[in-house]
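Here the numbering used here runs 641 ahead of the position in the sequence shown, where the first position is 1. The block underneath contains the structure these notes are about, expressed in structure tokens.
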Amino acid sequence: MKNNSKFALSIAAAWAIAGSAAAQSYPASYPLPTPAQQAIVDKDTSRHFGDAPANAGPLATDLSPALAPAAIDKALRKVADWQLARSQPHWDRIWTSSVMYVGFLAASRATGDPKYRNAMAEMSQHFDWQLRSRLPNADDLSIGQVYLDFYQQEKRPSQMALTKAEMDDLLPLATLKPGDARIPWWWCDALFMAPPVWVKMYKITGERKYLDYVHVNWKRTYDALWDKEEHLYARDASYIGKREPNGKKIFWSRGEGWVMGGLALILDDIPQDDPQRAFYVQQLRDMSAKIASIQGPDGMWHAGLLDPASYPLPEVSGSSLFVYAMAYGVNRGILDGATYRPVIAKAWAGILKNVYADGRLGNIQQTGAEPAFYRPASSYNYGVGAFMLAASELKTLAAGGKQ
């Protein structure tokens, strides 16, 4: 991307609004997790997803918000290295880890550093390229993104055989599994976890049945959860009609981020002449427009998108997924650069204020299904995965993008 004075000013303005990393401050008071939410924090910590200390030390002072390859690379490596060192002793196949793994693969491509990809090869071999469960739901299928990425590069049958066998068993099922009447992707997070695996399998095999599975089941989720007025997805059907304290509908930042991130992960592999491609392109445009319209003064989004006052801390996992998807859209010519580059620059500046001196990435909400409270130092592997995706796509944007 060529620098121009208008865009340079937008970056400077975003950084001035957000403040330097050293000067980052949070609201004087913010709600701490409720007992029920703290129980989730404790469980997540015990499972090595991350942790939420009361004090994680000083924030980073050595990062720049400039959308320049070197600056982005430095932030990406700082956060990725911290996360890799913490996670490597605790490899898992649960979705929280698989999101991080997809981020590490992106980080390796973006930085040219093989250590992240080598770690993913070590992890995959440790699990013998197996999924987490039989007849996997979207979460348990998600690690297949990593396995199929390796197969695309190395073409070793063992890297895809077990994933393909499970997907072939899922193909004829109209519901989540036998005896469970729910649709396969009954919650919006699933649109990040499963469709990229199915689209990769189509790309590898050339068999339309895998792509058609995505078209059929994404549309079923859309029909069930898409809010045509707000241009956002309900997290699942149980949230339709629920309201925030300010009376607005409940839309969870990370839930919307999962959908937008899922769109970015599949669009490159859906053929340009596919009749359904326009649907996904329009989804990305509609959601990006909505998300941009509610961006906070600090460049960030909060856990409850339509009631940020009730959730005063920024939320980094959702914000990172938004940056990833919007940068992807600009890079591919799906989104207008003049409109979205300032939004992206402002968001990136805000996200970087949550990086600590040691590389910890804070203000990541613990696992859940709805907006919740957390501490500023709260850090979890899936949120770092989202950050790595965002930084990797931003580096492409900074280098000139690709159509």
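For every residue, glycine included, the Cβ atom is placed at its ideal position computed from N, Cα and C.
Cα-Cα separation between residue i and residue j, rounded to whole angstroms
i	j	result
His731	Met761	13 Å
Ala1013	Gln678	7 Å
Leu817	Pro825	4 Å
Pro984	Val964	This sequence places Val at residue 984; Pro is not what is there. Near 9 Å, if we compare the C-alpha coordinates of Val964 and Val984.
Asp769	Gly937	44 Å
Asp999	Asp853	45 Å
Gln603	Asp683	Since the first and last residues shown for the chain are 642 and 1044, residue 603 lies out of range.
Val740	Tyr1023	5 Å
Glu1034	Thr752	11 Å
Asp910	Pro706	31 Å
Arg982	Trp989	10 Å
Gln913	Ala919	9 Å
Gly902	Glu871	18 Å
Ala734	Ala933	According to the sequence as given, residue 734 is Arg; it is not Ala. Spanning the two alpha carbons is a distance of roughly 33 Å.
Tyr843	Tyr851	5 Å
Leu803	Tyr788	10 Å
Tyr671	Gly940	19 Å
Pro955	Gly1041	29 Å
Tyr792	Ser765	11 Å
Tyr1015	Glu885	17 Å
Asp810	Ala669	53 Å
Ala693	Lys719	19 Å
Ala878	Lys860	15 Å
Arg823	Asp780	15 Å
Burial state of residue i, where buried means 16 or more other Cβ atoms lie within 10 Å
i	result
Ile975	buried
His767	exposed
Leu812	exposed
Ala663	Its pLDDT being 39, under 50, Ala663 is placed unreliably by the model, and nothing is read from it.
Ile652	Any reading at Ile652 must be qualified, since the residue scores a pLDDT of 44, below 50, and its modelled position is unreliable; no value is offered.
Thr846	exposed
Leu814	exposed
Val857	exposed
Thr1037	buried
Leu904	buried
Thr702	exposed
Thr980	exposed
Pro916	exposed
Ala806	exposed
Thr675	exposed
Asp821	exposed
Lys994	buried
Ala695	exposed
Gly991	buried
Arg773	buried
Cβ-heavy atom distance, residue i to the ligand MG, below 6 Å
i	result
Val971	The ligand MG is not among the ligands present in this structure, which contains no ligands whatsoever.
Coil, strand or helix - residue i by DSSP
i	result
Tyr965	helix
Ser774	coil
Lys890	strand
Tyr667	coil
Arg750	helix
Ala883	Looking at the sequence itself, residue 883 is Lys, so the reference to Ala does not match. It is coil, neither helix nor strand.
Asp877	strand
Leu976	coil
His767	helix
Asp853	helix
Tyr952	coil
Lys818	strand
Trp942	coil
Asp909	coil
Ser1019	coil
Gly959	helix
Gly970	helix
Asp722	helix
Trp867	strand
Gly1026	helix
Trp732	coil
Ala1031	helix
8 Å contact criterion, which residue i and residue j should meet: CB distance rounded
i	j	result
Leu908	Tyr921	6 Å
Gly1009	Ser1019	About 12 Å separates the two Cβ atoms, so there is no contact after all.
Ala680	Ala1039	Contact flag wrong, Cβ pair sits at about 41 Å.
Lys883	Leu947	Not confirmed; about 12 Å, so no contact.
Val996	Leu704	6 Å
Ser687	Trp736	Not a contact, Cβ separation roughly 17 Å.
**Message:** With a threshold of 8 Å, are at least 3 pairs of Cβ atoms found where one atom belongs to the stretch 889 to 899 and the other to the stretch 825 to 840?
**Reply:** yes
**Message:** I want to know whether the stretch 1016 to 1036 touches the stretch 739 to 756 - three or more CB-CB distances under 8 Å.
**Reply:** yes
**Prompt:** Counting pairs of Cβ atoms below 8 Å between the stretch 858 to 874 and the stretch 797 to 813, do you hit three or more?
**Reply:** no
**Request:** Determine, using beta-carbon pairs with one atom in the stretch 959 to 973 and one in the stretch 924 to 931, whether at least three such pairs fall under 8 Å.
**Result:** yes
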